Structures are given as C-alpha cells and as structure tokens.
C-alpha cells in the first residue's frame, strides 16, 4: 500500500469516528444503558486533526462535540437554540475547527465567553457583561480563543481626543457591543470580537498621530521677543494678535489628552532668554516663520548705532505714570546701591524696595470727624497718586510716561531696553478683580411694661374740706392723677378743655381706668389705674456689595446727606429793630458705608483691610434745635479669607434692662396691697448686630461678564414685577421704565404703534374685543421697532 493511500485511509477512519461521536452526542437518550450510566464517548488524542461533518445539527450537540475535540468544558445557555452546519473537506486542527465553530455561532447571534476555565455559549447581547479577558494598549493581541471571541480592549490615546473618535468607530462595531470614553485619561474602552478589535486597533494607530512639528527655539539678537511674537502672530493669523498665543508642550499635551485636531501654529515669547518658541502645523509653515523672523531680527536703523535708541511701549493694563516711577526706582537702585541705602530725600518710596507699591501694606487712617480713609503705606498707588499725579507727565530719567496714551517712552540701548521690556511684560498683566459682598444683620427686640395705681381723696369734717390726700407719679409715660383731675372734670361737665388739659389727656398710654368724685359740686378724678405693655421688634438686613481691582481701594455709601448746625448768629438792624438770625450747617453722610482694599495672595487667599460703618438719625431728634442725634456702629479690621468663603468681621450682642418705681414709704412695700401705693415701669432691649463678608476673585473677562449678566437680569426682573396694571383711564402713562433685554434673554416687548396718519396712540381703544379702533374706526396695529438702546 502506497503512502498516499495509507493517509487517505486514516482520514476516512477519523471522519467515521467523528461522525459516530456526533451521532452519539446528538441522541443522549440512546447513549445510556439501563443502569443510567452514560456510555463512553470516543476520545481523540490532543491536537489530532479532525474532519467536521455537521449538517443542520443542534447547537448543543455540536458544542458537546467541540468540547471533546478541544478538551474544554463547554456550557450552553438555555436561551441558545437553533441549528448550525459545519463541514470541512479535509482534516483540520482542533484550533481551526474551534474558530469555524465560533464563526457559525456568530452568524446565529451567539458567542462564547470564558470565565475561570469554563466556556459558556450565550447570546451575543449578553457577552459584553460576561467577557473576562481585558487587553490594554494598541499592540495587544486578541484573546487566546481567537478572533471569534468577545473581549474588552483599552486604547490610551496620545494626541487625538477620544470623544472625536467615537462617532468614527461606532459604525465599525457590532450593534450589541459597546464603545465608551474615559475622559480622565483620554482612553477608549471597546468590547467587541477579537478580530474586529485588531482592525480597530490599526485604525486608531493611524489616527492617533500628531501632524505638528516639534517645538523650535529661535534666539533673537536685536529684536524683542514679545514684539516679535505679536507681529508674527498678526501676520500669520490674519490680524489676530492673540491667536496661537498659548502653547502646550508636546509631552504635556499628550499626557493630558488634549485634542490636537486643529494643529494651529503656536508662537510664544520667552523673555528670559529673549527667544521665540514655535510649534508649527507642518515643516513648511515652520520654515516660513523661521525665514520671516530672520528678516525682522535686524539692528535698529538709528544712524548712531545702538546708543540713544528711543522706544515707545503701549501698556495694556498697568498705569503708565506709576509704572514709570517703579522702573526708574529699580534702575536707580541697581546703578547706585549706596544712594538707595543712604536714604534719599525726595525719592519715590519705591526706590528703596524691590517692588514699590507691591510691597506696601494696607493702612486705614481715621479723621477727626470720625471718617475713615485708606491707603498703602510706603506705596504710590493710593487715591492721590491715581487721581492727582497721574494727570501730569513724569519728568527726568530714561523712562518717560505719557498719561494721555498710557504709554512709556524709553531711551535706552538695545540690551537694557530688552531687560526693561521683560520687567514691563511681567508687570503689565491683567489684574484680577474682587467682588466683595457684605451682609449686615441687625435684630433688636424691645419690651416695655407699666403698672400704676394712683388715688386722691378729700379730707372733710362736718362738710368742711380740711385737705387732700393721695399719691401721684413722676415716671415718664404714666400720667399724673393730679394733672388729669381738672381735665376729667371738664369732660364730665361738658366744659371745653384747655390746651394743657388736652395735652395731658393725649399723653395717656395703655389702658386707663378711673373713678370720679364730686367735691363741692365739682367733678374730679378720685382713682386712676394705668396698665400698658409695649413690644417692638427690628430686623435690618443690608447687603452692600462692590467690585474693585486687586490692591485698589473701593468704597460704597448708601444713605442720606444730613445737615448738622455748627453755629448761629443773630443781629438786630438799626431800622425798625428787625432781627436777622443766621445759622451755619455742616452736611454729613448718614447711612451704610463700606470701605475696603483687597489683596490677592499667591496661594489664592485674600487679605482685606475693611472699614464698615452703620449710622442713622435717632428717632425724634431730626428737628431738634441743637441738631440731630445719630447712632453709629463701625468695624475696622484686617482679615484673611479664602476665595468664596464667608468671614464674620464682628458684631454686638447687647441685653439692656431698666426699671423705675415710685411708691409710698412703708405702704408701698406691703405685699399685694402695696400695689395700690406704687407705680412701676420696666423696659428690656436686646440688640444683635453681625457683619459678614464674602470675597470672590474674578480673574478673567468671562467670569466678570457672567456676574454682570446675572445682576442685570436680576434687577430687570424686579423692574418687571413693579410694572403698573393696565388702566383704561391712564393709558398715557401705561408702563414704567424697563431695562432693555440683554443678549441671551427674552427681548423687550415692543410697544404697539397705530399706522394711521394723524392718529394718536393714546386714543386707541384696546379694551373691546376684536380689532382695535380709533374713534370707532378699525385700525391696523403693528409692533414698533426695538429701542436703540436694546442690547
């Protein structure tokens, strides 16, 4: 027998064995003997090739056969039902047979997952919840089970944004499988078939690349780096001086996972080495920028070399006058150290320090009139320097300030000018702003009670009046019985009251019970009982708030300007003896005052020098001849607060109690009965005052704009709530002023305008149903255009 015929004979025997095994597995009821034990199934040697011949076989039966071929434990989910066909023309390895088995299951909507050495045949929709194998990285291979098994793979991206790849890869993944993004580390988590993940891995590897060049550093010899970057940016970006002004290092951008899809050219100035950093979108763009910088980096054409060069620097944020003084002081301190340490006369305070106003401390000074002023000790950025000296140009020195254009004129050679530009660029930054919200809460409660018994009696003997016996009171607020007797008698007899009697009756407070008596035919008051209880509660909440720049003083005053008499003069003229009185007054602010100077520290905390005052005219003293009496509560402090935190500056908790009593000696001390011989008045007042502050740092224009927009919409909403109700008889004043709607808000409703020649809008009748009319004639009403002030 030839070798070829021997091999063919062996393959035939293997096919018969596999077919017999399939028949045995497909009819398990017939594969058991009477004792219930399963018949022994034919076994295959590990790795022995097999020929598959399953036609419309049950999936469970084929799975058992495949478990015997691959020597694996296979479990079939009860939901897996159906038939598959597996046919091979020649013997194949068990691994190849298993891959064909997986492919056949995949076509039926099923798959195999592995867990702890157990292979489970489940529906494809549940595979993503039970897949155990996880691969990390683009170079990871598929599962050991092959490309037909579902696995989970994690792709960490270096350049591309993971969110941008989701819509690209989603159509390439099976509908039952998932793709998710982890924005924390810019990675993709995909669960799908292993062979499809290999294809997706190649797509991601081709997409996750950086088209931008590496960062190149170009050192300048003559030009200033900051000026060069501004000029080149405007040329390369079509006039935008800030486009591309922010650059991220390649490693940092890759680590943070920022999107690099736009590949915009970034140019940044490095003032310490006077160099330009470039990260171009492509080598051609880099070559173009390098050539442009080389042509611009030329010495100045002055005719006298580099000596005596004059440069003009326009400032963006800093004040030119203050900055010029600071720079001159820094130059003087550097070139003449002995003079700076010797205590110069007439030198700017910043000359002996490194930062001038930056090193000053907030100081609040008190005036003789009780007012408070705030400034920076040792600095030159107080209110006087801002509003006084800033109006006059500084003189002398190499640095001149032009306040009209807020620019610096520098006369210096190239190397010194570049050093100064470095300092100017650092000092001319956008300063943060601070919003200070103050909360002033005052709660007080007044309790008062009065109880008095007064009586009077006439002592008689045989009809003759010998004297009067009784008790009265001098307590303020309790009427005296002897002062009321005549008034009560006139009331009973119908006699008109005198002015003093009317005043006495009107001063009686609370509940008054009296008993009259007749003396010689005249009616008088014999007994008077006075009872009164008073309660007064006060709850004052003031919330002043203001915004100011870092290290700048700000104040807000809400109140009244009250006149106080300071002197009077009266003279008598010689003609007719006329009298000319003359009184001088001084006006002072009375109300809520808040003065504050915030300082933002490097660690984000805010140091604030605060003066807060609450004053008011005492009730009942406004028209006093000697002048009004004011109450005043003030707090002066320096505090350190976290950004956005609330701090209590201080407060007052007062509890006052007062009592006055008048009684008849001995008789007024008798328990219970003594109340007939005494008058008592009691009062208690509790006051609680607290002042809170909350500073919020606003570092950019967006946060400032958002805050302003919120406050704008808030006050506009308040205006809308106080609009008058429609009134047919007052149509000529039909609405109150209303702020225009800002961008992003609802537009202001336009007023109705009648399109009728000669007709007046106020005579239009809008109250009747149907079309508006003018003098009974229908008219057309159209919306008017928005006002010119609408945002």
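In the working numbering, the protein residues as written are 44 to 834.
All C-beta atoms in this analysis are idealised placements derived from N, C-alpha and C, irrespective of residue type, glycine included.
These figures come from a predicted structure and were not determined experimentally.
- Residue 465 has its alpha-carbon roughly 12 Å from the corresponding atom of residue 472.
- Residue 92 holds the alpha-carbon nearest to the alpha-carbon of residue 112 among 720, 367, 92 and 736.
- In the structure shown, residue 166 falls within a strand segment according to DSSP collapsed to helix, strand and coil.
- Counting only the Cα atoms, residue 715 lies some 50 Å from residue 635.
- For the pair residue 756 and residue 763, the Cα-to-Cα distance works out to about 10 Å.
- For a cut-off of 8 Å, the C-beta gap from residue 601 to residue 686 is around 26 Å, too long to register as a contact.
- Relative to the Cα of residue 639, the nearest Cα in the group 339, 651 and 178 belongs to 651.
- Secondary structure at residue 454: strand, using DSSP grouped into helix, strand and coil.
- As the crow flies, the alpha-carbon of residue 760 is around 22 Å from that of residue 590.
- Residue pairing by DSSP places residue 354 opposite 453 in a beta bridge.
- By the criterion of a C-beta distance shorter than 7 Å, residue 275 is surrounded in its chain by 310, 332, 335 and 336, once the five residues flanking it on both sides are discounted.
- Rounded to whole angstroms, the gap between the alpha carbons of residue 368 and residue 451 is 11 Å.
- Secondary structure at residue 589: strand, using DSSP grouped into helix, strand and coil.
- Remark: three or more beta-carbon pairs, one from each stretch, lie closer than 8 Å, so the region 221–228 and the region 199–206 are flagged as touching.
- Residue 123 carries a coil assignment under DSSP once its states are collapsed to helix, strand and coil.
- DSSP places residue 696 inside the beta strand (DSSP E), whose first and last residues are 690–706.
- About 43 Å separates the Cβ atoms of residue 135 and residue 202, ruling out a contact at the 8 Å cut-off.
- Out of 572, 457 and 480, the CA that lies nearest to the CA of residue 719 is found in 572.
- Just measuring C-alpha positions, the residue of 325, 649, 727 and 696 sitting nearest residue 682 is 649.
- Of the candidates 483, 95 and 666, 95 places its Cα closest to the Cα of residue 109.
- Residue 206: member of the alpha helix (DSSP H) spanning 205–212, first to last residue.
- Contact between residue 127 and residue 105 holds: their C-beta atoms lie close to 6 Å from each other, under 8 Å.
- Contact between the region 257–275 and the region 313–333 is established, with three or more Cβ pairs separated by less than 8 Å.
- Taking 8 Å as the upper bound for CB-CB distance, residue 742 and residue 475 are in contact here, some 5 Å apart.
- Residue burial annotation: residue 773 is exposed, with fewer than 16 other C-beta atoms found within 10 angstroms of its C-beta.
- The beta carbons of residue 577 and residue 492 sit closer together than 9 Å.
- Taken through DSSP and simplified to helix, strand or coil, residue 239 comes out as helix.
- In this structure, DSSP gives residue 92 a state outside helix and strand, which the three-state scheme calls coil.
- Taking 9 Å as the cut-off, the Cβ atoms of residue 736 and residue 690 count as close.
- In the structure shown, the three-state DSSP call for residue 275 is helix.
- Residue 594 counts as buried, since at least 16 other C-beta atoms from the protein chains shown sit within 10 angstroms of its C-beta.
- Closest in alpha carbon position to residue 279, among 261, 233, 307 and 137, is 307.
- In the structure shown, residue 444 adopts extended strand secondary structure according to DSSP, grouped into three states.
- Runs of the alpha helix (DSSP H) lying entirely within the region 734–765 and spanning at least 4 residues, in chain order: 744–764.
- Beyond the five residues adjoining it in sequence on each side, residue 582 comes within less than 6 Å, by CB distance, of 486 in the same chain, given in chain order.
- Residue environment: residue 342 is assigned as exposed (fewer than 16 neighbouring CB atoms within 10 Å of its CB, all protein chains considered).
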